[in-house]
Amino acid sequence: MFSTLAVTILIYNLAVNEGSFVYLINDENDQLKPEPETTIEELTTVKEVTFNETTTRTLSVTNDSALPIVEETFPNTVKFTNFTTEKGTLGAQCEDVTGCEDSLFCIHNTCQCAGEDFWKEDACVHVTKYTINSKCRNSFECSGKLLCLDGICQCSEEFIWNGTNCITKKIFGMQCYSQKECQDDLFCVAGICSCPDTYYLDKNKCVRRKDAKQECSKTEECQPSLSCFRQLCQCPSSDFWNGSICTLRKTFNSTCNSYPECKESLECKEDICQCRETDYWDGSYCVIKKSPGMTCSEQFECRNELHCLDDLCNCPDTEFLEEFKCLPKKVENSVCQTTAECKDTMKCRHGKCKCTDLEYWDSDFEQCFLKKELGGVCSSSIECQENLECDDDDTCVCKSSTYWNGMNCAKKLPSECEDIDSDKDGVYSVYPKGKSYSRRISVYCIMMGEKKWTVIQRRYDGSVDFYRTLPEYTKGFGRVDKEHWLGLENIYRISKDGSHELSVVLEDWGGFKREANYSTFYIGSGSSYSSGIGGYSGNAGNSLGYQSGYTFYTYDRDYNYCANKNTGAWWYRTSGQCCLSNLNGKYNGTGQTGIVWSSFRNYYSLKASTMMIRRK
């Protein structure tokens with residue numbers, strides 16, 4: 001084996017002849033001392049460096065060299081002793097072949113086996129080398145630059161087999177005869193290692209060109225028919241990407257699979273290139289459909305909700321135009337500004353859609369119909385002509401405030417105070433049968449807001465004698481603006497015209513007032529004039545209901561002697577107690593003979609009473 005020891009030769013006030021060997025090391029104090037851990041190198045070159053203003057040289061010591069030994073700590077005194085070395089083994093550094101063991105050669109200053117020999121245990125061994133695709137155990141068994149990969153002699157990835165050895169694959173632009181000669185990412189195209197059409201060179205590598213809509217920085221990065229526009233690979237506007245190449249876009253009514261296949265402004269709907277809903281095809285392009293009032297020749301030119309009428313785009317009959325939109329025409333009572341907004345034959349009257357005066361609105365059919373004449377079948381009064389109403393028999397008849405005079409419904413004259421158009425108390429003329437040829441009578445009306453009462457009896461000062469005969473009570477007596485009885489016949493005629501209510505107002509001599517109200521009141525016809533009274537309410541007590549259903553008696557028709565006994569005229573009972581009330585009794589009478597309302601002041605004669613009726 002070969003070992004070395006470094007020797008530093010210090011020229012320091014000491015003459016050294018060529019071929020002599022001095023082993024000196026200078027310390028910080030310029031003293032000489034041995035340095036045993038240094039290495040010996042071959043004496044083939046002399047290297048000079050500066051160290052503490054001294055010059056050092058590194059020399060080699062061979063087998064017959066003497067190792068210089070420092071014996072003292074000052075210069076000019078050295079001794080020499082013999083030193084032997086061994087030759088280097090595989091991998092050791094060397095200057096020439098003499099420094100390596102037998103069978104090794106000094107190659108690139110390193111002890112190595114020569115040629116295709118390989119090191120086995122302690123010597124270089126020559127073996128037969130295998131060629132490409134031969135089986136092997138290690139790469140030393142493979143010839144040339146072949147490597148033993150997966151037990152087979154073959155070239156590494158960056159090399160190819162040229163028939164005799166592995167050679168480096170050719171780079172971009174180099175001449176080639178086959179694909180395998182080029183680097184893995186290159187192709188042999190037209191005898192040159194280059195990228196195919198679908199690839200481009202990027203940093204000495206072929207990179208696949210990008211498809212449509214992929215990001216790019218230059219057109220070279222995109223597939224051949226694409227261009228890099230706005231950092232995206234795109235076809236020209238006239239083309240679409242079919243997955244591999246840009247193809248001319250399809251025109252109107254052509255079959256398609258997706259939107260990009262269709263010409264600009266078209267879209268793929270139901271596998272056909274068509275215009276959008278808001279557009280139509282003018283023969284070359286899709287253009288926006290026309291608005292109301294614009295000229296047209298075909299329906300499809302107008303917006304979807306419009307019709308081409310008289311060569312103009314307009315809303316259909318059931319709609320109207322508002323702010324360039326067709327809206328459904330409005331139904332009855334809808335707010336409007338013009339008649340065009342209203343349905344059917346309605347007019348915009350006072351800001352609302354209304355049928356004409358001769359028509360009515362049918363909500364089921366949502367249109368106006370002519371109003372029906374007298375006797376026409378109806379379901380509500382709005383279907384009948386003016387002054388007519390729909391009665392319980394579903395027939396158009398004159399309104400209760402009018403009557404049929406043979407030509408039309410004439411306005412009835414007031415039959416009671418309820419029909420008087422006034423809010424002031426006083427005497428008014430009424431016509432109980434409601435027709436112009438009815439007998440006129442005068443009545444006193446008490447107007448209480450919406451309730452207008454017709455007075456049928458009034459007493460407050462005793463100025464009128466109420467102890468009278470049946471004919472007088474039938475006709476009536478007294479002045480209607482003072483104390484009076486309106487008359488049984490007049491009360492009958494008024495009360496039979498619809499349902500009525502009765503209000504009785506009472507006052508005692510102390511000024512206290514009470515009321516008795518009845519929701520039902522009428523008197524019968526004929527000579528009996530029997531009463532119908534019910535539905536009491538108030539604070540005076542129900543002293544009149546006791547007489548309901550009985551005949552009106554006077555002292556000259558007194559079958560039960562109650563009229564004479566009570567000095568009055570009233571609906572006396574024919575059995576039991578004659579009465580619990582006696583408002584037509586003697587003024588300021590005593591006991592049962594006075595103006596009595598027993599549930600108020602027992603048989604105390606009241607100061608005043610008023611009986612009044614009204615149609616409900």
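Just so we're aligned: 87 in the numbering used here is position 87 of the sequence shown, and the numbers increase by one with no gaps anywhere. C-beta atoms are modelled at their ideal positions from N, C-alpha and C, and glycine is treated no differently.
The alpha helix (DSSP H) spanning Glu489 covers which residue range? 488–495
Report, in whole angstroms, the separation of the C-beta atoms of Cys136 and Ile160, which I expect to be a contact under 8 Å. That pair is no contact at about 19 Å.
Pro414 CB to nearest heavy atom of the ligand ATP below 7 Å: With respect to the ligand ATP, the structure shown offers nothing to examine, as it has no ligands at all.
Entirely enclosed beta strand (DSSP E) segments - the segment 86–132, minimum 3 residues: 104–107, 110–113, 118–120, 123–125
Exposure label - Asn602; buried when at least 16 CB within 10 Å: exposed
Just curious, the beta strand (DSSP E) that Glu359 is in, first and last residue? 359–362
Look at the Cβ atom of Gln547, then the Cβ atom of Ser581, and state whether they are nearer than 8 Å. The Cβ-Cβ distance between Gln547 and Ser581 falls below 8 Å.
Which residue from Asn408, Tyr550, Cys273 puts its Cα closest to that of Ser525? Tyr550
My output table needs one value for Gln183: the three-state DSSP class, helix, strand or coil. In the structure shown, Gln183 sits in coil (DSSP, three-state: anything other than H, G, I, E or B).
Determine whether the beta carbon atoms of Glu323 and Cys355 lie at a separation below 8 Å. no
Extent of the continuous alpha helix (DSSP H) to which Lys617 belongs: The structure shown does not extend to residue 617, since the chain spans only 1 to 616, so no value can be given for it.
By DSSP, does Asp419 sit in helix, in strand, or in coil? If DSSP states are grouped into helix, strand and coil, Asp419 belongs with the helices.
CA-to-CA distance, Ser156 to Cys216, given in whole angstroms: 35 Å
Using a Cβ-Cβ cutoff of less than 6 Å, which residues in the same chain neighbour Glu418 once the five nearest sequence positions on both sides are dropped? Lys452, Arg614, Arg615
Is Gly545 helix, strand or coil by DSSP? Reduced to three states, the DSSP call for Gly545 is helix.
Residue range of the alpha helix (DSSP H) that Asn564 falls in? 562–565
How would you label Asp465, buried or exposed, when you count the other beta carbons within 10 angstroms and need 16 or more for buried? Exposed, by the Cβ-count rule.
Judging by CA-CA distance, which residue of Glu472, Gln457, Ile491 is the nearest neighbour of His484? Gln457
Could you check which residue in Thr251, Leu606, Thr255 has the C-alpha nearest to that of Leu266? Thr251
Relative to the C-alpha of Tyr177, which residue among Val427, Cys193, Arg557, Tyr200 is closest? Cys193
Rounded to the nearest angstrom, what separates Gly487 and Ser495 at their Cα positions? 12 Å
Could you work out which residue in Glu121, Cys142, Trp119 is closest to Thr128 when comparing CA atoms only? Cys142
So for Ile523, helix, strand or coil by DSSP? strand
Just to confirm, is the Cβ distance from Ser416 to Thr474 under 8 Å? Residue identity differs from the one stated: residue 416 is Glu in this sequence, not Ser. It is not a contact, given that the beta carbons lie outside the stated cut-off.
Could you pull out every residue in the same chain whose Cβ sits closer than 6 Å to the Cβ of Asn29, ignoring the five residues on either side in sequence? Unreliable placement is indicated for Asn29, whose pLDDT of 43 sits below 50; the coordinate value is still reported in the next sentence. Around Asn29: no qualifying Cβ.
Can you say whether Asn108 is buried or exposed, counting buried as having 16 or more other CB atoms within 10 angstroms of its CB? First, the residue type needs correcting, since residue 108 is His and not Asn in the sequence shown. Result: exposed.
Considering only their Cβ atoms, is the gap separating Val430 from Val480 smaller than 8 Å? no
Quick one: residues in its chain with C-beta nearer than 7 Å to the C-beta of Val125, no 5 flanking neighbours on either side, listed in chain order? Asp117, Phe118
For Glu101 versus Gly115, is the C-beta spacing smaller than 8 Å? no
Using three-state DSSP, classify Pro432 as helix, strand or coil. Pro432 falls in the coil class under three-state DSSP.
Using 10 angstroms around the beta-carbon of Pro196, count the other beta-carbons present and answer buried if the total reaches 16, otherwise exposed. Flag for Pro196 reads exposed.
Identify every residue that forms a DSSP beta bridge with Trp570. Paired residue(s): Tyr553.
Tell me the residue span of the alpha helix (DSSP H) that contains Arg303. That residue, Arg303, is in no alpha helix (DSSP H); it is neither H nor E in DSSP.
Ala608, DSSP secondary structure in three states: strand
Looking at the unbroken beta strand (DSSP E) that takes in Arg601, where does it start and where does it end? Run containing Arg601: none in the beta strand (DSSP E); it sits in the alpha helix (DSSP H), 598–601.
Determine the direct distance from the alpha carbon of Met174 to that of Val189, and round the result to whole angstroms. 11 Å
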